[in-house]
Structure formats: structure tokens, C-alpha cells
């Protein structure tokens with residue numbers, strides 16, 4: 001994974017790193033893990049915080065990622081990829097899942 | 107009669123000693139002719155006078171001087187010896203040197219950690235924690251040392267730090283807790299803070315709870331929770347504490363909240379011993395990153411740094427090189 005990451009620093013995409021921390025999920029099936037949000041309305045940050053707690057992951061991102069103070073999702077249920085696509089619908093973002101033991105969900 | 111005898115005796119003595127006038131001689135002759143008894147008395151006196159000439163030498167004896175000499179010989183009188191300056195100094199030194207050595211020895215005994223009232227604790231490759239007698243807790247970072255009073259008797263609780271340590275000070279308003287590090291001093295009553303002394307003499311203070319008094323030279327400033335102060339180039343500069351990353355060495359937790367490239371690099375330099383210098387050859391960027399780590403490896407952080415700041419990052423001979 002590190003080898004791959006070393007070569008993407010010039011990527012034009014905005015990358016959301018999804019870091020596996022306190023979860024039994026592995027990198028391959030993480031994006032297809034079920035997510036159920038408590039509300040359709042909220043800020044991008046609040047949705048990410050809720051997903052972090054549910055799945056035991058940590059999101060790592062730059063300020064290029066599109067954040068909104070208020071947004072309304074069409075659905076509160078779906079797999080992680082669907083939810084993230086909905087959160088960043090107007091943002092050309094890529095998701096990279098990294099498995100690491102050195103991250104925490106604090 | 108006695109008066110007369112006395113007069114005659116004086117007259118006889120004056121004539122015998124030839125210290126007389128012609129009138130004295132005439133009076134004496136007249137007195138001798140008065141009776142045979144007077145003549146006998148004179149002859150007796152004359153005889154005594156002549157015999158007394160053998161004792162003449164005794165008259166020249168200086169009794170006091172001879173007695174003093176006698177006393178000196180038998181040790182009754184102290185000898186008065188004129189001392190040279192060197193000898194005087196030697197005598198004073200003979201008394202002073204042992205006294206000074208005793209004082210110095212005692213002082214050394216008191217000041218050497220582990221023997222007198224001071225205790226020391228040091229770390230090399232691992233961090234370690236000490237609980238002091240007042241229940242204050244000190245966590246020492248690697249390659250650090252702490253010297254502290256064993257019993258904290260007296261009006262203050264005094265400690266000396268080299269390196270880096272996190273202090274959780276037990277409250278005692280009547281006995282200030284004073285940590286000396288480098289040229290600075292931190293005085294608290296009960297609070298939590300991190301102190302980090304760098305090799306260039308600069309000292310970084312970060313307060314996580316309560317309030318401390320930070321002083322260096324003649325400068326003093328209060329630093330409260332959420333603030334940090336840096337003593338560098340002879341002055342103290344205070345600012346807000348951007349994160350708790352300064353105590354990541356203790357907690358293992360590194361948190362970046364919208365951190366700029368320079369903030370991330372500063373944390374990397376502070377936290378990872380394998381990074382000694384940073385060479386940033388890249389162009390300025392407005393990017394910032396948000397992430398968090400728990401006991402990360404250097405590579406864990408560098409991977410994210412490359413991705414989010416879109417920079418090339420290499421480590422070479424303990425030098426972290428950033429380029430576009």
C-alpha cells in the first residue's frame with residue numbers, strides 16, 4: 001500500500017483516506033459495509049464523525065475535500081461507498097482504504 | 107643615741123668610701139678621740155668595709171635580667187618567636203583547610219543526588235514515570251533526567267530537569283512546586299504541564315491544566331491551560347497551544363486538525379528521533395490536513411503527508427527532504 005501511495009502524491013483527485021482502526025473489517029469489504037445514519041440532515045463533518053464511530057475507522061483528508069455546513073442526504077442507509085458518494089457528490093474525490101494498527105478512533 | 111649612731115655611721119661610711127669633706131674627717135677624728143670605745147667601733151666598721159670589697163662584683167649583677175634568663179631556660183617563660191608571613195599563612199591554612207574540606211565534603215554529600223537530600227532519575231531509550239513523595243507524577247521522555255529533593259522539606263518543592271518531562275503536580279498552595287530547566291524556571295501550585303529543553307538551550311513549556319509562572323532571566327509570565335511559552339534567544343514568547351501533540355511522546359496520540367505543512371513538519375521533527383533536520387525545497391501550499399494517529403511510525407505520517415500535501419517526501423540520513 002505504501003508503495004502505491006508514494007506514487008500518487010501528484011494526483012489531481014482529492015483523496016479521502018479511510019483508515020481501519022478498531023474494526024474487524026478488512027480493506028476489501030469496507031467500502032461495502034453497511035452504514036445507517038441517524039439523520040438525513042447535518043454537516044459533512046457530523047456525518048463523517050458518525051460513520052467513524054459506527055465502523056471503527058478514521059478519516060484522513062485535506063482541506064481540498066468539499067465540506068458543507070449543511071446538507072440533506074437522500075438516504076440514510078446504504079453501503080459506505082454510496083454514502084460517501086452522496087456526501088461528496090460535487091467533489092472529484094477518491095477513497096483509499098489503508099489498514100494500519102497505528103491509528104486510533106479517539 | 108640611735109640618731110647619733112646613725113649620724114656616726116653615715117660619717118664613717120662617707121670617710122671610708124672617700125666620699126667626704128675635710129670637715130667630715132675632722133668631725134670623725136674628734137669623735138674617735140672622745141673614747142676608746144669609739145675607736146673600737148670605728149675599727150670594726152673599717153674591718154667590715156674592707157671585707158665587703160670582695161662582694162663588690164655582686165653590685166653589678168642585674169637580678170631581674172638574670173632571673174628572666176633563668177625562667178627562659180627552665181621553660182617558665184614562653185619564647186617570643188618572630189614568625190614570617192609564610193609561616194603565619196601556613197598556620198592559618200593548617201586550621202582553615204580541614205575546616206573548608208569538611209564543609210565542602212558535607213555540601214557535596216548534600217548536593218550529590220542519591221546521597222544527601224537530592225535524588226535523581228534518568229532515562230535512556232525508554233520513557234518512565236516517577237511518583238514523588240507529594241504524590242506528584244512526572245513522566246520522563248527518553249534521554250532525560252530529573253533531580254529532586256527526596257523529602258520536599260522546606261518551603262518549596264524543588265526539581266531540576268534536563269530533557270523533557272510531563273508534570274502532573276499534586277496541589278499544595280503552601281508549598282510551590284518549582285522546576286528549573288536550562289535558564290528557565292517554572293513555578294506552580296498544582297497543575298499539569300510539559301517542559302522540553304532543547305540542545306540549543308531553548309525551553310518549550312505547554313500547559314494542559316491550571317496556571318504556571320514561567321520565568322527566565324528577569325522576565326516572568328503566567329501561562330494558562332491551552333497556552334504555550336517558548337524561551338529562545340533570551341526572551342519568552344507566549345502563544346496558544348495548537349494541539350496536544352507536544353505530549354505525543356507520552357500519550358502516543360498525534361492529532362492534526364486542519365494542520366499546515368509547517369505544523370505537521372514541526373510535529374514530525376519533535377516526535378520522531380530519526381528525523382534530525384528538515385529541508386523543505388517545495389513551493390508554498392495552502393493545503394492543510396486533518397488526521398489522527400496513535401503511536402504511529404514515521405512512515406505512517408509521511409504517507410499521509412505525501413497524499414494530502416501532494417509533495418514528494420524522502421528521508422535520507424536523518425534528513426527529511428520535501429520537494430514538489
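Residue numbers (the working numbering), protein chains in the order written: chain A, 1 to 106; chain B, 107 to 430.
Note that the Cβ used here is the ideal one computed from N, Cα and C, for glycine as well.
- Going by DSSP, residue 328 of chain B is part of the beta strand (DSSP E) stretching over 325-330.
- A straight-line Cα-Cα distance of about 43 Å links residue 42 of chain A and residue 327 of chain B.
- The C-beta distance from residue 427 of chain B to residue 379 of chain B rounds to 18 Å, too long to meet the 8 Å contact threshold.
- Leaving aside the five residues that flank residue 207 of chain B on each side, none in its chain has a CB nearer than 6 Å to its CB.
- By the beta-carbon neighbour count (other beta carbons within 10 angstroms, threshold 16), residue 124 of chain B is exposed.
- Taken in chain order, the members of the segment 35-69 of chain A whose beta-carbon sits within less than 7 Å of a beta-carbon on chain B are 58, 60, 61, 62, 63, 64.
- When B/418, B/373, B/310, B/308 are compared, the shortest CA-CA separation from residue 389 of chain B is found for B/418.
- Not one beta carbon of chain A lies nearer than 7 Å to the beta carbon of residue 368 of chain B.
- Residue environment: residue 32 of chain A is assigned as exposed (fewer than 16 neighbouring CB atoms within 10 Å of its CB, all protein chains considered).
- Straight across, the Cα-Cα distance linking residue 91 of chain A with residue 17 of chain A is about 15 Å.
- Think of a sphere of 8 Å around the beta carbon of residue 207 of chain B: no beta carbon from chain A falls inside it, the nearest being about 58 Å out.
- The alpha-carbon of residue 339 of chain B is positioned some 12 Å away from that of residue 310 of chain B.
- In the structure shown, the three-state DSSP call for residue 380 of chain B is coil.
- Spatial neighbours of residue 137 of chain B in its own chain (CB-CB distance under 7 Å, excluding positions within 5 residues in sequence) are listed in chain order as 114, 144.
- With 16 or more other Cβ atoms inside 10 Å of its own Cβ, residue 394 of chain B counts as buried.
- Around residue 276 of chain B, the same chain offers 240, 241, 242, 296 as residues with beta carbons nearer than 7 Å, after the five sequence neighbours per side are excluded.
- Under the 7 Å criterion on CB atoms, residue 357 of chain B is classed as non-interfacial with respect to chain A.
- If you look at residue 146 of chain B, you'll find it in the alpha helix (DSSP H) that goes 142-157.
- The beta carbon of residue 134 of chain B is closer than 6 Å to those of 117, 121 in its chain, skipping five residues each way along the sequence.
- Taken in chain order, the members of the segment 390-408 of chain B whose beta-carbon sits within less than 7 Å of a beta-carbon on chain A are 393, 394, 395, 396, 397, 398, 399, 400, 401, 402, 403, 405, 406.
- Rounded to the nearest whole angstrom, the CA to CA distance from residue 261 of chain B to residue 281 of chain B is 6 Å.
- Within chain A, the residues whose beta carbon sits less than 7 Å from that of residue 410 of chain B are 17, 60, listed in sequence order.
- Among the CB atoms of chain A, one or more fall inside 7 Å of the CB of residue 413 of chain B.
- By the neighbour-count criterion, in which 16 or more other beta carbons inside 10 Å mark a residue as buried, residue 272 of chain B falls on the buried side.
- Shown here, residue 60 of chain A sits in a strand according to DSSP, grouped into three states.
- Taking the CA atoms as reference points, residue 303 of chain B sits about 45 Å from residue 70 of chain A.
- The Cβ atoms of residue 298 of chain B and residue 317 of chain B do not sit closer than 7 Å to each other.
- Collapsing the DSSP output to three states places residue 398 of chain B in a strand.
- Residue 124 of chain B: not part of any beta strand (DSSP E); DSSP gives it neither H nor E.
- Residue range 80-87 is occupied by the alpha helix (DSSP H) that includes residue 86 of chain A.
- Counting along the chain, residue 52 of chain A sits inside the alpha helix (DSSP H) bounded by residues 44-55.
- Shown here, residue 406 of chain B sits in a helix according to DSSP, grouped into three states.
- Shown here, residue 175 of chain B sits in a helix according to DSSP, grouped into three states.
- As for any beta strand (DSSP E) of minimum length 3 sitting wholly inside the segment 245-280 of chain B, the runs are 251-255, 263-268, 270-274, ordered along the chain.
- When DSSP states are grouped into helix, strand and coil, residue 19 of chain A belongs to the strand group.
- Counting only the Cα atoms, residue 60 of chain A lies some 13 Å from residue 360 of chain B.
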